[in-house]
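Using my numbering, read the sequence shown as starting at 920 and increasing by one per residue. First comes the structure, then the notes that go with it.
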Amino acid sequence: MLIKTLIAATLAASLLSSVWAQGRRDSRGSAVPPPVVSQTIAAQRGEKIAVPLGIHGTRGELLEFIIRTPPEHGKLSALKNGALNTATVIYTPSARSHAPEDHFSYAVRSSEGVSAPGVIVLRFSDPIVPQPKLTAANELEFPPVFPGQRSTAELEITNEGGGFLEGEVSVEEPWSIEGLKVFKIAANRTALIKLVFSPTQPGVRTGEAIIGGTQRKVIGLRASAEPRLGVAPALVKLTAQPGNQTRMGVLKITNRSDEDANVGMEAGEKLLTDHTVRIPARSTSDIPVFADAAVGAAFDDVVKLTSKEWSASVNVHAVAVGAILKFTSPEVSIKGDAGEQAASGTAILENSGGEPVTVLLDVAPPFDLGTKVVTAPARGRVEIRILARSVNAGTFQSELKASGEGGSAIVQVKAEITEPPQIRTQARTSPSAPEKKPDTAEDTNAPKEDQQSLIPAEARDVPNMLGKFARGTGTDTALIEWPASLGPTDNLRIEARELSLSDGGELQIGWSSLASVTITPTGEQMTAALRGLKPGTLYTVRVVAGGETEPTVLFTADFATARKKPIFTFSTMRMPLLGVALGVLLFVVWRARNPKPR
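See the structure below:
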């Protein structure tokens, strides 16, 4: 079996060798080179092509490939052998060529010689270019800013398709476009369009950015402008503490920016506040607002605030000033005779509040009242008649209490009850009564203190604690100073107290405005200069604001002008007398030296 197999293999090898030798020979029986493979290759225009080269069949030797004719519309790289019977060449087309095809030929060299050429045909086709495809966000959000500032955002437009995406972006105010509005975007490229938001007023704004051109799209825009300044509350209520007529409220102004802000404030005629305030950066300031003390009733008004591009209005409601009770003097003195007939005096109760109030009165015996209930009008006074009745002589003292809604007041009441007139007459004529010594000349002419009050205590107002504001008194001038925060600073006048006797012999108190008065503000102080006063006179004056019908008394003050000094004194006459004496002496000497001729 093995012998048969060997014999068959030997026969097959002999047969293959015979066939191979027969294939390498031509029709005349001589050997020829192997034929090369011609082919047609399809390619896209503008692309490099790797062209495979080869022969029909195989050879057991390394073949040399040769380019016989080069291409007309491109270039070939150097040949690169792959195996014994194959090679590769790179075809690079010309950028300027639009020919539909190109070709070149090649051959191989073997031990039998050079083969016949083969042709490689390259057929070009234009590439399929995809359409442009626009891609952009559906909405664009801008960072918040203050009015007058700029906020920017970038709109990204991408061409996710082929070719070129062309168009233009447009917006409306308060948006604008910074830089180019027109774009041309190649495939897989992105363009950035810078949008600017420039608000002039606070608030949230919405708009649209429209992309037009080969493709259209609408982009939603959203931005907000936060106010640089803010004020609270929307309504300010001005109120006063019980027993106080100063009504005030507080405005809170917030500065959200990084710079200090100056805020102008315009208030109504019934309000008092600063004209300009400075609000530090990133802070909140409390700004007080006061109601005019001359207006005690409730009222509504407005405060207007402005700062650059910001403005606001705040409503103000002032609550009516409650009743504020006070007796105009700390003590009432009554003089009378013992018996059934009652002596009387008058206490003046003042209501400096803005609302009338019913007042209950109470006093202990031997004092009595004409009525125990009175009504104190707003910004007014009421007279309270006090009776003192006792059958026995003596000195009596009590307190008159006035109480009502909003406050109370107390005044000391003193009564000096003496014996009836007939008893006093008998005492003066009685032998046992001591004889009254007449006043001596020394007592009669004794000088009185300059500051001693010439007005009876029961007939004048005792100055309040603000009465210490009198300054710089001279013979006919005086100076009064008080803080501007005490009350109104407009329509002020200075009134002096005037005393007179009625037909019945009662002391009457009145007030009249001083003519020569100059009132000027000096910083936080008010200064009143009084001129044309009488020398050596005790004055009681008051500072009044408002009209004649409903005046507002800020305070009263007592002061005395200095007395005039004599014009001629020994010290002033000494030099003239010395001059006269010297003149007489010189005359006597001259006369002695020059006697008259006889």
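We put the CB at the ideal spot given by N, CA and C, even for glycine. Since the model is a prediction, treat every value here as computed from it, not as a measurement.
At which residue ranges does the region 1392–1477 contain complete beta strand (DSSP E) runs of 3 or more residues, listed in the order of the chain? As far as the region 1392–1477 is concerned, its whole beta strand (DSSP E) runs of at least 3 residues are 1397–1402, 1411–1420, 1426–1432, 1436–1441, 1444–1449 and 1457–1464.
Where glutamate 1269 falls: helix, strand or coil (DSSP): By one-based count along the sequence shown, residue 1269 stands at place 350. Three-state DSSP puts glutamate 1269 in a strand.
Thinking C-beta only, is proline 1036 closer than 7 Å to serine 1024? In the sequence shown, the residue the question calls residue 1024 occupies position 105. In the sequence shown, the residue the question calls residue 1036 occupies position 117. Pairing serine 1024 with proline 1036 gives a Cβ-Cβ distance under 7 Å.
Can you list, in chain order, the residues of its chain with a C-beta nearer than 7 Å to that of threonine 988? Leave out the 5 residues immediately preceding and following it. Taking the sequence shown and counting its residues from 1, one reaches residue 988 at position 69. Once the five neighbours on either side are set aside, the close Cβ partners of threonine 988 are Phe1023 and Ser1024.
Which of the three DSSP states is assigned to alanine 1237 in this structure? As a position in the sequence shown, residue 1237 is number 318, starting the count at 1. Here alanine 1237 sits in strand by DSSP.
State the DSSP-derived secondary structure class of isoleucine 1342, mapped to helix, strand or coil. As a first step, residue 1342 is located in the sequence shown; it is residue number 423 there, counting from the start. The pLDDT assigned to isoleucine 1342 is 48, lower than 50, so where the model puts this residue is not dependable; a value taken from the coordinates is nonetheless given after this. The answer is helix: DSSP assigns isoleucine 1342 an H, G or I state.
Cβ-based burial, glycine 1313 [other Cβ within 10 Å; buried from 16]: Your numbering for residue 1313 matches position 394 in the sequence shown. Answer is exposed; the Cβ neighbour count stays below 16.
DSSP beta-bridge partners of histidine 1022: In the sequence shown, the residue the question calls residue 1022 occupies position 103. Its beta-bridge partners are Val1040.
Name the one or two DSSP bridge partners that glycine 1082 has. Translated into positions along the sequence shown, residue 1082 becomes position 163. In the DSSP output, where bridge partners are listed per residue, glycine 1082 has none listed.
Alpha carbon to alpha carbon, how far is alanine 1105 from threonine 1133? Give it in angstroms, no decimals. By one-based count along the sequence shown, residue 1133 stands at place 214. By one-based count along the sequence shown, residue 1105 stands at place 186. When the Cα atoms are used, threonine 1133 and alanine 1105 turn out to be separated by approximately 13 Å.
On the premise that alanine 1144 lies in contact with proline 1118, defined as a C-beta separation below 8 Å, what is that separation, rounded to the nearest angstrom? Here residue 1118 refers to the residue found at position 199 of the sequence shown. Here residue 1144 refers to the residue found at position 225 of the sequence shown. About 4 Å; that satisfies the 8 Å criterion.
Beta carbon of glycine 1081, beta carbon of valine 1048: below 7 Å? Counted from its first residue, the sequence shown places residue 1081 at position 162. Counted from its first residue, the sequence shown places residue 1048 at position 129. Judged by beta-carbon spacing, valine 1048 lies within the 7 Å limit of glycine 1081, meaning their Cβ atoms are closer than that value.
For the beta strand (DSSP E) that serine 1322 lies in, which residues bound it at each end? For the purposes of this step, residue 1322 is taken as the residue at position 403 of the sequence shown. Counting along the chain, the beta strand (DSSP E) containing serine 1322 begins and ends at 1313–1323.
Measuring only the C-alpha atoms, how far is arginine 1147 from valine 1115? By one-based count along the sequence shown, residue 1147 stands at place 228. By one-based count along the sequence shown, residue 1115 stands at place 196. Roughly 19 Å separates the two Cα atoms.
Leucine 981 - DSSP class collapsed to helix/strand/coil: Taking the sequence shown and counting its residues from 1, one reaches residue 981 at position 62. Of the three classes helix, strand and coil, the one that applies to leucine 981 here is coil, per DSSP.
I need the DSSP call for valine 1048, collapsed to helix, strand or coil. Locating residue 1048 in the sequence shown gives position 129, counting from the first residue. Reduced to three states, the DSSP call for valine 1048 is coil.
According to DSSP, what are the bridge partners of threonine 1005? If you number the sequence shown from 1, residue 1005 lands on position 86. Paired residue(s): Gly973.
Just list the residues that DSSP pairs lysine 1189 with in beta bridges. On the sequence shown, position 270 is the one that residue 1189 refers to. DSSP lists no partner for lysine 1189.
Check the C-beta distance from valine 1278 over to leucine 1268 and give it rounded, since I have them as a contact under 8 Å. Here residue 1278 refers to the residue found at position 359 when the sequence shown is read from its first residue. Here residue 1268 refers to the residue found at position 349 when the sequence shown is read from its first residue. Confirmed, Cβ separation roughly 7 Å.
Please classify glycine 1241 as buried or exposed, where buried requires at least 16 other C-beta atoms within 10 Å of its C-beta. Your numbering for residue 1241 matches position 322 in the sequence shown. Glycine 1241 is buried by the Cβ-count criterion.
Among Ser1431, Ala1481 and Val1460, nearest to lysine 1453 - alpha-carbon criterion: For the purposes of this step, residue 1453 is taken as residue 534 along the sequence shown, with counting starting at 1. That would be Ala1481, whose Cα lies nearest to the Cα of lysine 1453.
For arginine 1175 and threonine 1441, I'd like the C-alpha separation in whole angstroms. In the sequence shown, residue 1175 corresponds to position 256, counting from 1. In the sequence shown, residue 1441 corresponds to position 522, counting from 1. Using only the alpha carbons, I get a separation of about 35 Å.
Can you check whether the CB of alanine 1216 is closer than 7 Å to the CB of glutamine 1164? Working through the sequence shown from its first residue, we reach residue 1164 at position 245. Working through the sequence shown from its first residue, we reach residue 1216 at position 297. Result no, Cβ atoms of glutamine 1164 and alanine 1216 do not sit closer than 7 Å.
Under the three-state DSSP convention, the category alanine 1334 falls into: Position 415 of the sequence shown, counted from the first residue, corresponds to residue 1334. Note: alanine 1334 maps to strand in three-state DSSP.
Taking the beta carbon of arginine 964 as the centre, do at least 16 other beta carbons fall within 10 Å, making it buried, or is it exposed? Along the sequence shown, read from residue 1 onward, the residue named residue 964 stands at position 45. So arginine 964 counts as exposed.
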